[in-house]
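Novice: In this text, residue positions in the sequence shown follow this note's numbering: the first is 14, and each later residue adds one. All C-beta atoms, glycine included, are put in the ideal place defined by N, C-alpha and C. Quick caveat: nothing in here was measured; it's all calculated off a predicted structure. Before I ask anything, here is the structure I am working with.
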Amino acid sequence: MSTRDDQDDNAPNGENPPPVNTTPARQEMSGGREWWTDALAETYCEMDPQWESRSGRFEARLSTRQFGDLSLSTVRAHAHSVLRTPAMIGDTDSEDYFLCAVTGGPGRIEQHDRSIWLDKGSFAIIDAGQPFRFDFPQRFEQIVVRVPRPLLLGRMSERDVDRVMAQPVSAASGAGVVVSRFLQQLAALDAAVPDAPAAALSASALDMIVTALADTAGTVSPTQQAHAADLLRAQNLLKTRLHDENLSITEAAAELGISLRYLQKIFQSTGSTPSEWLLQARLERARMILLSTDITIGDLASRVGFKDISHFSRSFRTFYGASPGQYRRR
């Protein structure tokens with residue numbers, strides 16, 4: 014890190030604090046068949062919409078907004094189907110996951126040789142990196158959450174994600190109730206939201222989604238469900254101790270009442286060690302605080318559990334491609 018970066022990151026920000034960045038209010042659009050074909054590709058990924066008859070009336074309405082790392086949209090449209098083919102996948106780099114919650118009118122999803130029906134707020138995860146088909150036989154409404162692939166695979170192994178792919182999660186009981194209602198409340202928000210609360214909402218939504226997927230009956234073995242529950246418990250403990258510069262992974266395992274070896278084992282599904290996950294969580298918390306306050310970089314480093322400001326700045330630069338001071342000025 015340059016001397017200037019060190020000076021900038023240790024210096025106060027002056028008398029005028031930076032403006033609080035906000036996530037824009039939701040954007041709403043509507044149109045007919047031609048517009049909808051383009052909107053699908055721009056918002057989600059390339060798909061081929063199909064209609065039983067092109068002579069009848071068709072209108073689709075789309076509202077979108079960003080919450081941290083998650084993109085949330087609401088679709089209201091007349092009956093139609095959409096198809097994503099292998100050729101479309103070969104022509105694009107879109108391999109994110111989509112959570113689809115059907116809140117009005119039934120809808121059918123086909124992927125992974127599975128065919129399921131969703132309605133009344135029930136939802137499922139699909140993979141944009143694989144072919145799929147949606148069928149909506151009547152007017153419908155659904156909420157779609159776009160989840161970046163690395164974000165979900167940081168919380169679940171790819172094998173576990175494949176197991177719950179295109180599997181219905183009921184909104185009538187269990188964790189599915191909480192997720193479905195929370196997503197509907199997020200979708201109903203009209204006003205802009207500051208970046209830090211938006212990122213917190215995004216993280217909360219993702220944690221709840223992972224819990225609901227792991228809780229899906231018949232898709233995960235009891236042992237895997239126990240591991241997923243223990244992993245979530247461990248992650249929640251670490252999140253509450255991000256400020257504690259003296260926290261060790263050994264101490265965390267003791268507080269959880271599990272062995273260090275078991276703690277390391279359950280984190281394998283995230284593709285990281287407990288220490289790596291803790292570092293990433295601290296840096297993400299720092300990023301949220303950085304964007305929403307005028308705190309000095311030195312105080313920020315201490316608040317998220319770093320004993321040394323130089324170590325904090327180097328780690329931040331490695332993870333986000335800029336020093337904390339540079340990131341704030343963007």
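Please work out which residues of its chain come closer than 6 Å, Cβ to Cβ, to A90, disregarding the five sequence neighbours upstream and downstream, and give them in chain order.
Specialist: A73
Novice: Is it buried or exposed, G45, if we count other Cβ atoms within 10 angstroms and call 16 or more buried?
Specialist: exposed
Novice: Taking the DSSP output, what are the residues bridged to Y110?
Specialist: D140 and V160
Novice: Using 8 Å as the cut-off, classify the Cβ of I156 as near or not near the heavy atoms of the ligand ADP, replying yes or no.
Specialist: The ligand ADP is absent from the structure shown, which contains no ligands of any kind.
Novice: Using DSSP with H/G/I as helix, E/B as strand and the rest coil, what is L346?
Specialist: The structure shown has nothing for residue 346, since the chain only spans 14 to 343.
Novice: With 9 Å set as the bound, which would you pick, yes or no: does the beta-carbon of D109 sit closer than that to a beta-carbon of chain C?
Specialist: Annotation note: the requested chain C is absent from the structure, which comprises a single protein chain.
Novice: In angstroms, rounded to a whole number, what distance separates the CA positions of E59 and R97?
Specialist: 7 Å
Novice: Between the stretch 253-268 and the stretch 285-297, can you find at least three pairs of beta-carbon atoms closer than 8 Å?
Specialist: yes
Novice: Who are the Cβ neighbours of F153 in its own chain at under 7 Å, not counting the five residues just before and after it?
Specialist: A90, V115, G117, G118 and G120
Novice: What is the DSSP secondary structure of A230, counted as helix, strand or coil?
Specialist: Any reading at A230 must be qualified, since the residue scores a pLDDT of 44, below 50, and its modelled position is unreliable; no value is offered.
Novice: Just checking, does the stretch 334-341 make contact with the stretch 298-306 on the three C-beta pairs under 8 Å criterion?
Specialist: yes
Novice: Between which residues of its own chain and Y333 is the CB-CB distance below 8 Å, once the five residues before and five after are set aside?
Specialist: L296, R300 and Y340
Novice: Using CA atoms only, rank isn't needed, just tell me which of T236, A200 and T229 is closest to G187.
Specialist: T229
Novice: Taking 8 Å as the cut-off, does the stretch 251-260 touch the stretch 316-331 (at least 3 CB pairs, one atom from each stretch)?
Specialist: The stretch 316-331 vs the stretch 251-260: in contact.
Novice: Do I122 and R146 come within 9 Å of each other at the CB atom, strictly closer than that value?
Specialist: yes
Novice: Going by C-alpha distance, which of Q293, R70 and R78 is nearest M42?
Specialist: Residue R78 is the option with its Cα nearest to M42.
Novice: For the alpha helix (DSSP H) that R121 lies in, which residues bound it at each end?
Specialist: Looking at the DSSP string, R121 is not in any alpha helix (DSSP H); the run it does join, the beta strand (DSSP E), is G120 to Q124.
Novice: Look at the alpha carbon of P350 and the alpha carbon of H93, and state the distance between them as a whole number of angstroms.
Specialist: The chain is shown from 14 up to 343; residue 350 falls before or after that span and cannot be answered.
Novice: Could you tell me whether the Cβ atoms of G81 and A213 are closer together than 9 Å?
Specialist: yes
Novice: Would you mind reading off the limits of the beta strand (DSSP E) that contains S94?
Specialist: H93 to R97
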